[in-house]
């Protein structure tokens with residue numbers, strides 16, 4: 001028999017990893033709920049009609065497609081099979097695929113349920129997505145996204161609330177981060193100011209690299225794309241804008257005076273910063289005009305979060321999109337959303353050793369098994385403790401004491417309970433702290449007080 | 458543009474459904490954790506080598522298979538495609554499938570990770586599974602399973618603990634249920650006592666229907682399968698056993714005296730009932746020798762739960778299996794597990810109107826928007842309330858009061874906060890109970906006390 005394996009790019013999550021992952025999901029979930037977002041879930045499979053063409057050519061290729069059930073070949077023209085390209089075949093043999101992100105399914109959900117939904121609709125969604133990417137370090141074929149979106153409101157207060165959510169989530173995680181903020185309209189304004197509104201993609205792609213490669217190389221790249229020296233000389237002062245967020249905004253206001261859309265972007269960011277001034281975020285917020293975040297569907301504010309003390313890409317991102325449901329034939333719904341990258345947050349928390357100690361504790365007390373004659377007593381004690389919320393486990397096999405203690409250690413169970421004849425007769429429990437080695441004999445009904453720290457160890 | 462849709466047999470879950478579903482998952486999760494089980498997760502996709510042949514022919518057919526990425530046709534002999542059966546093609550074009558249950562992936566997990574695992578290993582797993590079944594009422598192509606298993610221990614204390622878990626979960630749900638209990642060894646004993654140990658499948662399948670079709674028709678069916686009158690006359694007294702669990706066990710002990718395995722089954726159930734006698738379960742436990750639960754891999758105790766006040770199939774099931782990991786080449790690990798059927802529990806809770814009121818409340822307070830000039834004050838108040846754990850939402854658009862109130866009603870938000878000039882100037886909040894219509898103006902810092910019920914409505 002071959003050794004079993006799992007598909008490449010996928011992962012098993014054991015008890016400790018899952019405890020940590022659930023801490024991440026629960027933290028994000030709690031904050032989303034505090035801000036008035038409701039949880040929804042959509043099916044793992046969507047029709048390929050829903051998925052195809054929404055993520056560009058690359059995305060179509062990376063969709064996992066599910067073979068139709070039954071005798072799917074019988075519907076095909078067998079003779080054509082001999083020289084049919086794989087991609088044509090896939091389109092004929094598959095009508096479903098695994099979701100690629102949570103945004104397109106959400107747009108599909110909103111369109112299908114628009115008559116039941118009260119707008120503005122604030123939903124969060126924490127589910128896995130699948131991409132047939134080449135697996136590599138930190139990139140998986142199945143991973144979770146944690147999205148929150150507000151759809152059906154163009155108020156900038158939504159952007160303000162989402163930035164508060166980001167601040168609160170990272171305050172809870174204790175991860176030092178900075179929030180980078182920009183506005184797609186400012187990028188459009190820059191393109192207009194340079195006189196190349198039609199080349200916004202080239203400009204954005206190039207200045208996105210400003211941080212990494214510097215001004216000179218950005219200009220080399222733009223020259224390669226046909227930008228003239230005159231255009232570049234108009235661009236230069238925009239890229240050199242420095243100072244506080246307020247200073248940057250006032251410089252942009254001046255330099256984009258000729259661009260209506262650019263000024264609109266400045267106005268939007270000013271509104272957001274004005275509101276946040278009163279909110280006393282603990283996270284630094286940096287206006288960064290080189291922030292681009294792709295161009296696919298964002299139309300207003302865009303945001304990205306970076307950990308400041310760990311080398312890691314963006315750990316949260318989001319932005320405003322004005323017409324996401326348009327792809328499904330319903331126009332006029334503006335939305336804004338954010339997405340936390342759970343896998344990267346996991347790595348950051350691990351690297352900074354920020355997972356709370358209690359997260360790693362699954363079971364709190366292991367009851368050692370000294371023989372069947374004590375099991376009724378142990379079961380009764382455990383029932384009581386569990387009713388008080390204490391997570392306990394019974395070593396159900398009779399094994400040597402040493403083996404049972406090793407088990408408690410391997411499972412990182414902090415306390416073991418020892419129950420023999422004396423304890424059983426006198427309704428006592430001997431409880432041992434596996435960390436310090438201290439041991440104490442207490443009346444059974446005192447154990448929950450002991451576990452709560454009310455009786456000294 | 459075509460209207461978007463979702464694949465048949467799949468579902469979208471909106472805010473209210475998800476709140477209810479999460480209540481179900483969280484309740485089960487909490488109890489599993491109290492009993493010392495750790496959460497694990499496995500990938501949605503498994504290799505077809507892992508999945509195929511584990512669920513019978515029917516199961517193989519019902520697996521969702523995922524088309525390999527890239528140019529999969531290029532690896533095939535094109536000429537053979539013209540008359541290749543679909544199933545052969547699928548085996549060549551797909552190396553992955555969606556998991557069909559949580560048990561086989563768990564066995565695969567245990568085998569792959571056996572060197573890191575401390576046995577006995579107590580894990581729970583709450584994840585979706587997929588089956589290409591014909592969709593029908595109450596049967597879906599994607600649904601959640603909520604499994605807990607102990608592997609690597611043959612102690613019957615594990616059965617006892619699992620029965621306590623079932624009792625506790627339904628106590629929390631407040632669903633009146635009865636637990637049906639049997640033992641595969643008793644079924645083997647019956648077959649031996651009748652003199653047809655080799656026909657255990659026929660016997661079990663037939664007596665499984667005893668409840669529904671009655672003794673005569675069960676016998677008709679068995680005659681059709683070639684059972685003699687003599688054999689049936691030996692079976693009859695076994696099927697007529699009545700009385701309390703203890704009485705049934707003692708009758709079985711007598712009638713199965715000739716069958717070693719049958720007596721072993723009686724002994725096992727006696728042990729379990731002895732332990733449970735001290736545990737004072739609130740659920741009725743019924744020894745039911747007609748309970749079969751398939752025959753695939755169970756080897757000891759089997760259990761099934763039925764709601765007593767609603768017409769519904771089994772809502773929880775489980776049992777002991779002695780060699781699950783044997784399918785992956787690792788023998789000698791005995792396991793026992795249970796699985797809660799979340800979808801059916803959902804229907805039962807709905808029919809009996811047992812979902813707690815607070816489950817349906819996502820957001821607790823909606824802040825009405827009376828204009829931009831108040832937004833800084835509102836945002837500040839909400840920040841404070843959220844830090845105290847109160848879930849609140851701001852109606853971010855300026856809309857007519859009536860529209861905002863309808864929104865609160867549609868979203869089932871129990872309180873709205875009204876903040877105008879007076880409130881803003883005096884740091885007050887007017888809070889309205891949407892149910893009673895009562896309205897009260899309070900200092901902003903009193904709202905959390907009000908929400909906690911410490912100030913009269």
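Residue numbers (the working numbering), protein chains in the order written: chain A, 1 to 457; chain B, 458 to 914. Think of the CB as a built atom: it goes at the ideal place given N, C-alpha and C, for glycine as much as any other residue. Every value quoted in this text rests on a predicted model; they were computed, and no experiment measured them.
For this session: Out of A:225, A:257, A:146, state which residue places its alpha-carbon closest to the alpha-carbon of residue 189 of chain A.
Result: Scanning A:225, A:257, A:146 for the CA closest to the CA of residue 189 of chain A turns up A:257.
Exercise. Whose C-alpha, out of A:228, A:194, A:271, A:217, is nearest the C-alpha of residue 237 of chain A?
Worked result: Per the Cα distances, A:194.
Exercise. Would DSSP call residue 699 of chain B helix, strand or coil?
Worked result: In the three-state scheme derived from DSSP, where H, G and I count as helix and E and B as strand, residue 699 of chain B is classed as coil.
For this session: Just the C-alpha distance for residue 594 of chain B and residue 800 of chain B, rounded to the nearest angstrom, thanks.
Result: Looking at the two C-alpha atoms, the distance is approximately 11 Å.
Exercise. Name the chain A residues that come within less than 9 Å of residue 568 of chain B, Cβ to Cβ?
Worked result: 3, 4, listed in chain order.
Problem set entry | Spatial neighbours of residue 791 of chain B in its chain, beta-carbon cut-off 6 Å, leaving aside the 5 residues before and after | Same-chain partners within the cutoff: 611, 779.
Exercise. How many angstroms separate the CA atom of residue 569 of chain B from the CA atom of residue 526 of chain B?
Worked result: Spanning the two alpha carbons is a distance of roughly 25 Å.
For this session: Say whether chain B places a C-beta atom closer than 8 Å to the C-beta of residue 36 of chain A.
Result: Output row for residue 36 of chain A: interface = yes.
Exercise. Do you know whose CA, among B:696, B:658, B:739, lies nearest residue 671 of chain B's CA?
Worked result: Of B:696, B:658, B:739, the residue nearest in Cα terms is B:696.
Exercise. Residue 524 of chain B lies in the beta strand (DSSP E); which residues open and close that run?
Worked result: That run of the beta strand (DSSP E) goes 522–524.
Problem set entry | Burial state of residue 739 of chain B (16 or more Cβ within 10 Å) | Classification of residue 739 of chain B: exposed, given that the 10 Å Cβ count is below 16.
Problem set entry | For residue 811 of chain B and residue 156 of chain A, the rounded distance between their alpha carbons | Cα-Cα distance, rounded: 40 Å.
For this session: Given a cut-off of 8 Å, decide if residue 875 of chain B and residue 852 of chain B are closer than it, judged by their beta-carbon atoms.
Result: Cβ atoms of residue 852 of chain B and residue 875 of chain B: not closer than 8 Å.
Exercise. Is there a Cβ from chain A that is less than 8 Å from the Cβ of residue 743 of chain B?
Worked result: Cβ-Cβ to chain A under 8 Å: no for residue 743 of chain B.
Exercise. Below 8 Å between beta carbons: does that hold for residue 620 of chain B and residue 391 of chain A?
Worked result: Not in contact: residue 620 of chain B and residue 391 of chain A (Cβ atoms no closer than 8 Å).
Problem set entry | Buried or exposed (CB count within 10 angstroms, at least 16 for buried), residue 65 of chain A | Looking at its Cβ environment, which holds 16 or more other Cβ atoms inside 10 Å, residue 65 of chain A is buried.
Exercise. Looking at the structure shown, is residue 588 of chain B part of a helix, part of a strand, or coil, going by DSSP?
Worked result: In this structure, residue 588 of chain B counts as coil in the three-state DSSP scheme.
Problem set entry | Cβ shell of residue 393 of chain A (< 6 Å), same chain only, five flanking positions each side left out | Answer for residue 393 of chain A: 363, 366, listed in chain order.
Problem set entry | Residues of its chain near residue 914 of chain B, where Cβ-Cβ distance is below 6 Å and the 5 sequence neighbours each way are ignored | Residues of the same chain with a CB within less than 6 Å of the CB of residue 914 of chain B, apart from the 5 flanking positions on each side, are 890, 895 in chain order.
For this session: Return the CA-CA distance between residue 668 of chain B and residue 747 of chain B, expressed in angstroms with no decimal places.
Result: Each residue's Cα considered, the two are about 8 Å apart.
Exercise. CA-CA distance, residue 267 of chain A and residue 842 of chain B?
Worked result: Approximately 29 Å between the Cα atoms of the pair.
Exercise. What did DSSP end up calling residue 904 of chain B once you bin it into helix, strand or coil?
Worked result: In the structure shown, residue 904 of chain B sits in a helix (DSSP, three-state: H, G or I).
For this session: Determine which residues share a DSSP beta bridge with residue 896 of chain B and list them.
Result: DSSP output for residue 896 of chain B lists B:889 as bridge partner(s).
Exercise. Which residue from A:410, A:302, A:122 puts its Cα closest to that of residue 265 of chain A?
Worked result: The candidate whose alpha carbon is nearest that of residue 265 of chain A is A:302.
Problem set entry | Within chain B, the residues that residue 15 of chain A reaches when beta carbons sit closer than 8 Å | The contacting residues are 495, 496, 497, 580.
Problem set entry | Proximal residues, the region 149–171 of chain A versus chain B, C-beta separation under 9 Å | If the cut-off is 9 Å between Cβ atoms, the region 149–171 of chain A has 150, 152, 153, 154, 155, 156, 157, 158, 160, 161, 164, 168 near chain B.
Exercise. Between the region 524–542 of chain B and the region 86–105 of chain A, do three or more beta carbon pairs fall short of 8 Å?
Worked result: When Cβ pairs closer than 8 Å are counted between the two stretches, the region 524–542 of chain B is seen to touch the region 86–105 of chain A, the count reaching three or more.
Exercise. From A:269, A:51, A:38, pick the residue whose C-alpha is nearest to that of residue 328 of chain A; which is it?
Worked result: The residue with the shortest Cα to Cα distance from residue 328 of chain A is A:51.
For this session: With DSSP collapsed to three states, give me the class of residue 788 of chain B.
Result: Here residue 788 of chain B sits in coil by DSSP.
Problem set entry | Opening and closing residue of the alpha helix (DSSP H) in which residue 193 of chain A lies | Here the alpha helix (DSSP H) through residue 193 of chain A covers 184–194.
For this session: State buried or exposed for residue 845 of chain B, treating a residue as buried only when at least 16 other CB atoms are found within 10 Å of its CB.
Result: Classification of residue 845 of chain B: exposed, given that the 10 Å Cβ count is below 16.
For this session: Could you check if residue 825 of chain B is buried or exposed, using at least 16 other CB atoms within 10 Å of its CB as the buried criterion?
Result: It is buried - the Cβ of residue 825 of chain B has at least 16 other Cβ atoms within 10 Å.
For this session: Identify which residue in A:36, A:40, A:14, A:158 has its Cα closest to the Cα of residue 474 of chain B.
Result: Taking only the C-alpha atoms, the option nearest residue 474 of chain B is A:40.
Problem set entry | Proximal residues, the region 867–884 of chain B versus chain A, C-beta separation under 7 Å | Answer in chain order: 867, 868.
Exercise. Quick one: what does DSSP say residue 267 of chain A is sitting in, helix, strand or coil?
Worked result: When DSSP states are grouped into helix, strand and coil, residue 267 of chain A belongs to the helix group.
Exercise. Of the choices A:331, A:299, A:326, whose alpha-carbon is the least far from that of residue 531 of chain A?
Worked result: With chain A represented from 1 up to 457, any question about residue 531 of chain A goes unanswered, as that position is not in the structure.
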